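Here is the structure we will look at.
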Amino acid sequence: MKILMALAIWVIIFPASLVKLRNYILKDAIEPSYTTLLMSRITGILVLILLLYGLFNIYLTQQ
602 MKILMALAIW
612 VIIFPASLVK
622 LRNYILKDAI
632 EPSYTTLLMS
642 RITGILVLIL
652 LLYGLFNIYL
662 TQQ
C-alpha cells in the first residue's frame, strides 16, 4: 500500500512539473513549432502509458 500511495503522489506531481518544464522550454519561442507540440504530446502519451502499465503490474502482483 505504501508503494501505491507513493505512485499516486508521483502521478499527481510529475505531470505538473512536466508542464512547467515544457512551458519554460517553449517560453523563448514566440510561436512553438508543430514538431515541438507533437513531440510534447507524444511524450505525454508515452508517460501515461508507462504509468498505467506500472500500476497494472503492481495491481497484478498484489493479487
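Residue numbering for the sequence shown follows my numbering, beginning at 602 and increasing consecutively. Glycine residues also receive a C-beta, built at the ideal position from the N, C-alpha and C atoms. Note that the structure is predicted; figures quoted are calculated from it, not measured.
- Apart from sequence neighbours up to five positions away, no residue of its chain approaches I610 with a beta-carbon distance below 6 Å.
- In the three-state scheme derived from DSSP, where H, G and I count as helix and E and B as strand, Q664 is classed as coil.
- Cα atoms of V648 and M640: separation of roughly 12 Å, rounded to the nearest angstrom.
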